[in-house]
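S.K.: Chains as they are written, first to last, in the numbering used here: chain X, 4 to 116; chain P, 4 to 117. After the structure tokens below, expect a handful of questions from me.
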């Protein structure tokens, strides 16, 4: 089955700097890669996703890049703000299907003022 | 719309007790899932239901059972709770196919087994 590895496990950045989280996946058939943000005590929420027919996707200060050949994808957060502090999870799945996601272990991002 | 509703939010069980976690979604999604979240281990799939009337095991099914009662509801049962089942449990639902836009999660159930 699919295996997703996520690095780093913790990331501390100065407010205004950029943050990058990287994930690798094992199954070359995976074609859907979402990212979730989980604030302390809250549910994970989808922040951005990318499909394998696209190399990059941006939404304001966040972007995701995908390298299908190397089987890795990354989340980029620019101009970080204290409200970006959270745990971020990457995931991968094969679609069309019933959409089962395999999650990475998560990255704790701390943005310091 | 409420999205995905989970009950209860918190529960303390004694070892050997049983309980059922309830989950309901109002988005007309076909697929529903139960995950557990433990520190440093991300979200691990317990069971899933691709559509009404079907269920299947995920990565960590031992000690759990599920019921897809109808399209809206998907419950998780612990028959004989163990301390290793102390965790935060999330229910989620999703659309299927190329139009899928990821999961919608419930607010979670924090379960402690003593």
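Built from N, CA and C at the ideal position, the CB exists for glycine as well.
Tell me, please, whether the CB atom of residue 44 (chain P) is closer than 8 Å to any CB atom in chain X?
M.R.: Taking the first residue of the second chain as 1, we reach residue 44 (chain P) at position 41. It does; some Cβ of chain X falls within 8 Å.
S.K.: Name, please, each residue of chain P whose Cβ falls closer than 8 Å to the Cβ of residue 46 (chain X).
M.R.: In the first chain, the residue the question calls residue 46 (chain X) occupies position 43. Per Cβ cutoff of 8 Å: 93, 108, 109, 110 and 111.
S.K.: Do we get a CB-CB distance below 8 Å when we pair residue 108 (chain X) with the residues of chain P?
M.R.: Position 105 of the first chain holds residue 108 (chain X). Yes, because at least one Cβ of chain P sits closer than 8 Å to the Cβ of residue 108 (chain X).
S.K.: If you check the beta carbons only, do residue 105 (chain P) and residue 97 (chain P) fall under 8 Å apart?
M.R.: For the purposes of this step, residue 105 (chain P) is identified with residue 102 of the second chain, where counting begins at 1. For the purposes of this step, residue 97 (chain P) is identified with residue 94 of the second chain, where counting begins at 1. Taking 8 Å as the Cβ cut-off, residue 105 (chain P) and residue 97 (chain P) qualify as a contacting pair.
S.K.: Can you tell me whether DSSP reads residue 48 (chain X) as helix, strand or coil?
M.R.: Counted from its first residue, the first chain places residue 48 (chain X) at position 45. The answer is strand: DSSP assigns residue 48 (chain X) an E or B state.
S.K.: Ordered along the chain, which non-local residues of its own chain (more than five positions away) have a Cβ less than 7 Å from that of residue 68 (chain P)?
M.R.: Counted from its first residue, the second chain places residue 68 (chain P) at position 65. So the list reads 80 and 82, once near-sequence residues are dropped.
S.K.: Relative to the alpha-carbon of residue 55 (chain P), which residue among P:48, P:31, P:64 and P:63 has its alpha-carbon at the smallest distance?
M.R.: In the second chain, counting from the first residue as 1, residue 55 (chain P) sits at position 52. Comparing Cα positions, the closest option is P:31.
S.K.: In chain X, what lies closer than 9 Å to residue 48 (chain P) by C-beta?
M.R.: In the second chain, counting from the first residue as 1, residue 48 (chain P) sits at position 45. Those within 9 Å of residue 48 (chain P) in chain X are 103, 104, 105 and 106.
S.K.: Out of P:60, P:12, P:66 and P:49, state which residue places its alpha-carbon closest to the alpha-carbon of residue 19 (chain P).
M.R.: Counted from its first residue, the second chain places residue 19 (chain P) at position 16. When only C-alpha atoms are compared, the closest one is P:66.
S.K.: Quick check on the DSSP output: the beta strand (DSSP E) that includes residue 62 (chain X) runs from which residue to which?
M.R.: Sequence index remark: in the first chain, residue 62 (chain X) carries index 59 (1-based). Its beta strand (DSSP E) spans residues 59 to 62.
S.K.: Listed from N- to C-terminal order along the chain, which residues in the region 52 to 66 of chain X have their beta-carbon within a distance smaller than 9 Å of any beta-carbon of chain P?
M.R.: Within the region 52 to 66 of chain X, the qualifying residues are 52 and 54.
S.K.: Cβ of residue 33 (chain P) within 8 Å of Cβ of residue 53 (chain P)?
M.R.: By 1-based counting over the second chain, the position of residue 33 (chain P) is 30. By 1-based counting over the second chain, the position of residue 53 (chain P) is 50. Closer than 8 Å, so yes.
S.K.: Can you look up residue 37 (chain X) in the DSSP assignment and give me helix, strand or coil?
M.R.: Looking up residue 37 (chain X) in the first chain gives position 34. Strand, per DSSP.
S.K.: Is the number of C-beta pairs between the region 81 to 92 of chain X and the region 8 to 25 of chain P that are closer than 8 Å three or more?
M.R.: These segments do not touch.
S.K.: Spatial neighbours of residue 10 (chain X) within its chain, please: CB distance less than 6 Å, with the 5 preceding and 5 following residues excluded, ordered by chain position.
M.R.: Taking the first chain and counting its residues from 1, the one referred to as residue 10 (chain X) is at position 7. 25, listed in sequence order.
S.K.: Tell me the rounded alpha-carbon separation between residue 110 (chain X) and residue 104 (chain X).
M.R.: Position 107 of the first chain holds residue 110 (chain X). Position 101 of the first chain holds residue 104 (chain X). C-alpha separation (whole angstroms): 17 Å.
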